[in-house]
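See structure below.
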Amino acid sequence: MSVKCWSRGKTTAAVFNSAGQPLEYQFFPVPKLAPGEALVQITACTLCGSDLHTYHGHRSIQTPTILGHEIIGKIVAIGPGDPICDFNGRPLQTNMRVTWSITASCGNCFYCSDGLPQKCEHLFKYGHEVLSSTHPLSGGMADYCHLVAGTAVFPLPEKLPDLVACPANCATATVAAAFRVSGGAEWCRGKVLLIQGAGMLGLTACAMAHDYGAREIIVTDIDRKRLEMALRFGATRCVSVFEDEGKINSIVKKLTSERGVDLALELSGASGAMADGLNQLRTGGRYILVGAVSPVAPTPIFEEDIIRRMISIYGVHNYTPPDLAEALRFLKDNYNEFPFSSLVTDKFRLDQVEEAFQHAIRSRALRIAILPQA
Ligand SMILES: [Zn+2]
Ligand SMILES: [Zn+2]
């Protein structure tokens, strides 16, 4: 479909109008590139949990839009003017196999100047932009994606398989950001970690914690199959949240001389998870909140407890380009150590996007992929 469309000067996308309505296929002209821009032929896009939340209506987003942001592809055209460089400073070339940061930032505003480019006042976020007449192709449920100036583009490591690389620019990079905020790889060495949630983020966090030399990696989830998978991704202990609360307490006490864990990562987004995580932290412990990107029930916070135990709590949303660089480094070095290639379980063509969403929701698959060139 896409090759024929390209030759006719058209591209195809599955447009999301609102929850409960089928995705609508639309044709768009091949964009005219401005300086600093590039056009990518999408090879694969995996459906992230936030795409499913939006599709379901659990998360509001401006519409119409083209969902999908875990994208990889091949550069097919580059805008005029000065050469565009990748994140490492090398000029982009056609036929390069690439991924790119989920957000593009202006580099000049208050937040860009304050080290938070992911919160730029002029942020462009792939898979989240409302369709515009000048720039409709901003999401992964399409055969082409139009990269704006200021996007941090990364060539993919040569041997990294497509479907292992695909979640890098959301799931893996977000986990890398969470570890960076916690204190980084050096700080994690020898530490005891609690990872809440054994979905895509949680499994990735187990493997990254292992790579960073954590001493113990304790994982909690409601799903026994996912907990079993966590053991294959480096977790040392798994506990179902349905088990007696005494079980997690006794494991944490035993592994930490009764002090509590050094670091907890909340990756489940479940109501009540934050209270559980706070309970398991040691004095001086660090808590990174990542999972709750759609509304959850509020957690009561006991200030005195936070103060006396000197707990640090950080929220992590999106990430910075160096986090994606670290995500790709991590995947390149570890994709054979852990079963990352088993995480994308099903593949669909671009004309099957509706079916793909339904399947992802029904099966609770960790990731399914759309292959627009298939
Ligand atoms: Zn995502
Ligand atoms: Zn900015």
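Per this note's numbering, the very first residue in the sequence shown carries number 13; after that it's consecutive.
Built from N, CA and C at the ideal position, the CB exists for glycine as well.
Ranked by Cα distance from Asp317, the options Ala287, Lys344, Asp345 and Leu175 are led by Ala287. Here Gln292 carries a helix assignment [DSSP, helix/strand/coil].
Separation of Ser125 and Ser144 (C-alpha to C-alpha, rounded to the nearest whole angstrom) is 28 Å.
Exclusion of the five residues before and after Ala221 leaves Leu205 and Ile229 as the residues of its chain whose Cβ lies within less than 6 Å of its Cβ. The secondary-structure analysis by DSSP pairs Phe166 across a beta bridge with Thr111.
Near ligand 2, residues with a Cβ at less than 5 Å from any of the ligand's heavy atoms are Ser117, Cys118, Cys121, Cys124 and Cys132; the list follows chain order. Using a C-beta cut-off of 8 Å, the segment 72 to 84 makes contact with the segment 148 to 167, since at least three inter-stretch Cβ pairs fall below that distance. Taking C-beta separations shorter than 8 Å and ignoring five residues to either side along the sequence, the partners of Gly162 in its chain run Gly48, Ala116, Ser117, Cys118, Gly119 and Phe136, following chain order. Secondary structure at Thr268: coil, using DSSP grouped into helix, strand and coil. For Ser375 and Ala242, the gap between their C-alpha atoms comes out near 18 Å. In this structure, DSSP gives Arg249 an extended state, which the three-state scheme calls strand. Under the DSSP assignment, Ser194 falls in the alpha helix (DSSP H) whose first and last residues are Ala183 to Ser194. For Ala309, the number of other beta carbons within 10 angstroms of its own is below 16, and it is reported as exposed. In this structure, Val110 sits near Phe166, with a CB-CB distance shorter than 9 Å.
Under DSSP, Tyr156 takes part in a beta bridge, and its partners are Gln53. For Pro43, same chain residues with a beta-carbon under 6 Å away, outside a window of 5 residues either side, are His158 in chain order. Collapsing the DSSP output to three states places Pro312 in coil.
Counting C-beta pairs closer than 8 Å gives fewer than three between the segment 165 to 185 and the segment 290 to 310, which falls short of the contact rule. For Ala386, no beta strand (DSSP E) segment is defined, and its DSSP state is neither H nor E. Here the C-alpha atom of Ile382 lies approximately 15 Å from the C-alpha atom of Ile373. Taken atom to atom, the span from the alpha-carbon of Gly303 to that of Ser324 is near 17 Å.
If you look at Arg71, you'll find it isn't in any alpha helix (DSSP H); DSSP assigns it neither H nor E. With a cutoff of 8 Å, Gly281 does not count as near ligand 1, since its C-beta is closer than that to no heavy atom of the ligand. If you draw a straight line from the Cα of Ser262 to the Cα of Ile207, it is about 16 Å long.
Within the chosen limit of 8 Å, ligand 1 does not reach the beta carbon of His134 with any heavy atom.
Following the DSSP letters along the chain, one finds Tyr37 inside the beta strand (DSSP E) bounded by residues Glu36 to Pro41. Cβ-Cβ distances below 7 Å link Asp98 to Leu104, Val165, Phe166 and Pro167 in the same chain, with the five nearest sequence neighbours on each side left out; the list follows chain order.
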